[in-house]
Amino acid sequence: MGFIEKISPKWAYKREAWRQANEIQKRNYDAGMYDRQNRNWFAHNESGEQTDKYFRGTVRARSRDLERNSDLMNANIHPWVRNVVGKGYTLEAKTDDEEFNDNIEKLWVKWCKKDNCDVTGSQSFWEMARMAIRRKRVDGGILFIKCYTRGGIVPFKLQALEVDELDEVQSKPNYEGNKVVGGIEYNSYNKAVGYWIKEYDIEGYLKSVSRFVERKNVIFYFSKTRPSQIREMPEMSATIGRIKEVNGYIEAATIKERIAACLSVFIKKELPTGGIGRTNTVKGNRKYDDLELTPGLITDLNAGDDIQVVNPGNSATNGSDFIKTTQRLISAGQGISYESTSRDLSSANYSSARQATIEDEETFTPEVQKLQDEFLDETYETFVISAVLSGAIQCPDFWTNKEKYLEHEWNRKPKKWIDPQKEANANKIAITTGQKTLNDIWREDGKDFKTVLDDMKKIEEYANQIGLDLNFPYLKGGGENAK
Numbered sequence: 161m162g163f164i165e166k167i168s169p170k171w172a173y174k175r176e177a178w179r180q181a182n183e184i185q186k187r188n189y190d191a192g193m194y195d196r197q198n199r200n201w202f203a204h205n206e207s208g209e210q211t212d213k214y215f216r217g218t219v220r221a222r223s224r225d226l227e228r229n230s231d232l233m234n235a236n237i238h239p240w241v242r243n244v245v246g247k248g249y250t251l252e253a254k255t256d257d258e259e260f261n262d263n264i265e266k267l268w269v270k271w272c273k274k275d276n277c278d279v280t281g282s283q284s285f286w287e288m289a290r291m292a293i294r295r296k297r298v299d300g301g302i303l304f305i306k307c308y309t310r311g312g313i314v315p316f317k318l319q320a321l322e323v324d325e326l327d328e329v330q331s332k333p334n335y336e337g338n339k340v341v342g343g344i345e346y347n348s349y350n351k352a353v354g355y356w357i358k359e360y361d362i363e364g365y366l367k368s369v370s371r372f373v374e375r376k377n378v379i380f381y382f383s384k385t386r387p388s389q390i391r392e393m394p395e396m397s398a399t400i401g402r403i404k405e406v407n408g409y410i411e412a413a414t415i416k417e418r419i420a421a422c423l424s425v426f427i428k429k430e431l432p433t434g435g436i437g438r439t440n441t442v443k444g445n446r447k448y449d450d451l452e453l454t455p456g457l458i459t460d461l462n463a464g465d466d467i468q469v470v471n472p473g474n475s476a477t478n479g480s481d482f483i484k485t486t487q488r489l490i491s492a493g494q495g496i497s498y499e500s501t502s503r504d505l506s507s508a509n510y511s512s513a514r515q516a517t518i519e520d521e522e523t524f525t526p527e528v529q530k531l532q533d534e535f536l537d538e539t540y541e542t543f544v545i546s547a548v549l550s551g552a553i554q555c556p557d558f559w560t561n562k563e564k565y566l567e568h569e570w571n572r573k574p575k576k577w578i579d580p581q582k583e584a585n586a587n588k589i590a591i592t593t594g595q596k597t598l599n600d601i602w603r604e605d606g607k608d609f610k611t612v613l614d615d616m617k618k619i620e621e622y623a624n625q626i627g628l629d630l631n632f633p634y635l636k637g638g639g640e641n642a643k
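Offset between the sequence shown (1-based) and the working numbering: plus 160.
Have a look at this one:
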């Protein structure tokens, strides 16, 4: 309180009370204080593009480096690829024309082969879909150009491009009144109208003029997290720093164990050797610059030299516990469970594994929906239109009933059950109580109910043909009812 306390303790007390009250008012949010804990925490509010553009390339390069060199990084990528795309999807056309449905489904299966869907002829359609999920996690996004070329069963193929191919130095728009930011041309509402793609000559040198591609011919697969965001950002950006720290810790621990495993012998000399004669001169002291610690090393030391070993003790926490805890944080940062990234199920039982699977499904479902809406649906619709225009599919009234002929669904391939008996009993109860239908069960397994029923009928007909009595419950009601 200073000298005021000596003159008037009463006023000194009031002054201190008012000062403390003023400090309390300033602490409405501890996160907004610049106290000892937050004094080096400086953050600024900027638009999404201003925040991202200066760091996008660096973060993408570091993310790719970890993708190439870090097993922990790949452990957090693989679950997304497995669960969002996995084995792929089964197309089910939903028109009233069964003949059209069968023909378009068969044609789609053929088109998905690498020679028909990829301009480079190196990837099947589902390989490109899996690559899209991977590149979205690592790079932030991927571009697919619709190419209308000759060859293949329909004149339509996809060209996959990395986001690096966007010409970020392009400034002149293709249409007057638009603006170009980050290689993408936008209108006054910040809606993308086209993409500026870098062009290379036959020797691989960058051309001075980029190629403008209309938005309708491009699928830019990325996710926005802010309204002002206009370009992609690596989705692993929040966790790559921690992944690098774990890699550094593992590397240091590995080096320590390797050094501890090296058995070496150093011979100490009390006095330097010497003698009389031209060939027995005293040699100079040995330098150890080129000496490396290797298993089975035996070497001499200079007289008077000694070895001091710095042996750091173990860290306060066990190494495996540290890695496990850090990996849990990394997995949680990506919205998935620790078990899905580590494949460590030693501490899981059926209930916990089932709960983790359900939570992971809730995380993967929005990405599945985005993949279907922005990539699968748009590709399929362009495929159908190309098939009709090329005559691969005969459909006279297509243009008058376009929306009807584009109706379809994507069925997932089945996943393995954790406990088949419990899963089967749960489905049985759901059917008997009316919570699910047979169509729901089959759709969850990635099957078309018509195909399943047709297979049942074929089994029954062939069994009757060879005189075999199949007493399967699902075949009951055959005979006249099956016709």
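Ideal Cβ placement from N, Cα and C applies to all residues, glycine included.
Near D361, what residues of its chain come up, given a Cβ to Cβ distance below 8 Å and the 5 sequence neighbours on each side ignored? Around D361: K367.
Any beta strand (DSSP E) of 3 or more consecutive residues that is wholly inside the segment 265 to 292: With a minimum length of 3 residues, no continuous beta strand (DSSP E) run stays inside the segment 265 to 292.
Excluding the 5 residues flanking N624 on each side, which residues of the same chain have their C-beta closer than 7 Å to its C-beta? none
Are the CB atoms of N236 and S491 within a distance shorter than 8 Å? yes
By the DSSP assignment, the alpha helix (DSSP H) with W240 in it spans what residues? 238 to 244
When the Cα of R290 is compared with those of V245, E259, S506, which residue comes out closest? Of the candidates V245, E259, S506, the one whose C-alpha sits nearest the C-alpha of R290 is V245.
Can you tell me whether G594 is buried or exposed? The criterion is at least 16 other CB atoms within 10 Å of its CB, across all chains shown. exposed
Would the segment 258 to 274 count as touching the segment 222 to 239 if we require 3 or more Cβ pairs under 8 Å? Because the criterion of three Cβ pairs below 8 Å is not met, the segment 258 to 274 and the segment 222 to 239 do not touch.
With the cut-off set at 8 Å, would you say G342 and V373 are in Cβ contact? no
Taking only the alpha-carbon atoms, compute the straight-line gap between G217 and K573 and give it to the nearest angstrom. 36 Å
In angstroms, rounded to a whole number, what distance separates the CA positions of V442 and E452? Residue confidence is low: V442 scores 49 on pLDDT, short of 50, so the model does not pin down where it sits. No coordinate-derived value is stated.
Please report the straight-line C-alpha distance between T454 and T414, rounded to a whole angstrom. C-alpha separation (whole angstroms): 15 Å.
On a CA-only basis, which of P239, W271, N243 is nearest L251? Give me that one, please. Nearest C-alpha to L251: W271.
Give the straight-line distance between the Cα atoms of G627 and K607, rounded to the nearest whole angstrom. 29 Å
Determine the burial state of H568: buried for a count of at least 16 other Cβ atoms within 10 Å of its Cβ, exposed for fewer. buried
Report the rounded CA-to-CA distance for F260 versus L566, giving the unit in angstroms. Whole-angstrom Cα-Cα distance: 11 Å.
Would E363 be called buried (16 or more neighbouring beta carbons within 10 Å of its own) or exposed? By the neighbour-count rule (16 or more Cβ atoms within 10 Å), E363 is not buried but exposed.
Candidates K416, K530, N587, of which the one nearest K384 by Cα: Taking the Cα of K384 as reference, the smallest distance to any Cα among K416, K530, N587 is reached at K530.
Tell me whether W240 is buried or exposed, calling it buried when 16 or more other Cβ atoms sit within 10 Å of its Cβ. Result: buried.
If you count every other CB in all the chains shown that lies within 10 Å of the CB of C277, and 16 or more means buried, which is it? Residue environment for C277: buried (at least 16 other C-beta atoms within 10 angstroms of its C-beta).
In the structure shown, what three-state DSSP assignment does V341 receive? strand
Near Q532, what residues of its chain come up, given a Cβ to Cβ distance below 7 Å and the 5 sequence neighbours on each side ignored? W570
Beta carbon of I357, beta carbon of L321: below 8 Å? yes
Drop a sphere of 10 angstroms on the beta-carbon of N561, count the other beta-carbons inside from all chains shown, and report buried for 16 or more, exposed for fewer. exposed
In whole angstroms, what separates the C-alpha of M288 from that of I302? Cα to Cα, the separation comes out at about 10 Å.
Taking the C-alpha atoms as reference points, what is the distance between R297 and I601? Straight-line measurement puts the Cα of I601 at about 31 Å from the Cα of R297.
Sequence-distant residues of the same chain with beta carbon closer than 8 Å to Y365, five excluded per side: none
Please look up how many angstroms separate the CB atoms of L536 and Y249, rounded, as I've assumed it's under 8 Å. 7 Å
Taking K582 as the reference, which of T542, A552, S511, E209 has the closest Cα? S511
Residues sharing a beta bridge with E252, DSSP: E569
Mapping the DSSP letters down to three states, classify D466 as helix, strand or coil. coil
Buried or exposed: which applies to D299, given that a residue is buried once 16 or more other Cβ atoms fall within 10 Å of its Cβ? Buried, because 16 or more other Cβ atoms sit within 10 Å of the Cβ of D299.
For A513 and P664, the rounded distance between their alpha carbons: Shown here, the chain extends from 161 to 643; a query on residue 664 therefore has no answer.
Within 10 Å of its beta-carbon, does S506 have 16 or more other beta-carbons around it, so buried, or fewer, so exposed? exposed
Using the Cβ count rule (16 or more neighbours within 10 Å means buried), how would you classify A203? exposed
Is V219 closer than 8 Å to A552 when the C-beta atoms are compared? Not a contact, by the Cβ cut-off of 8 Å.
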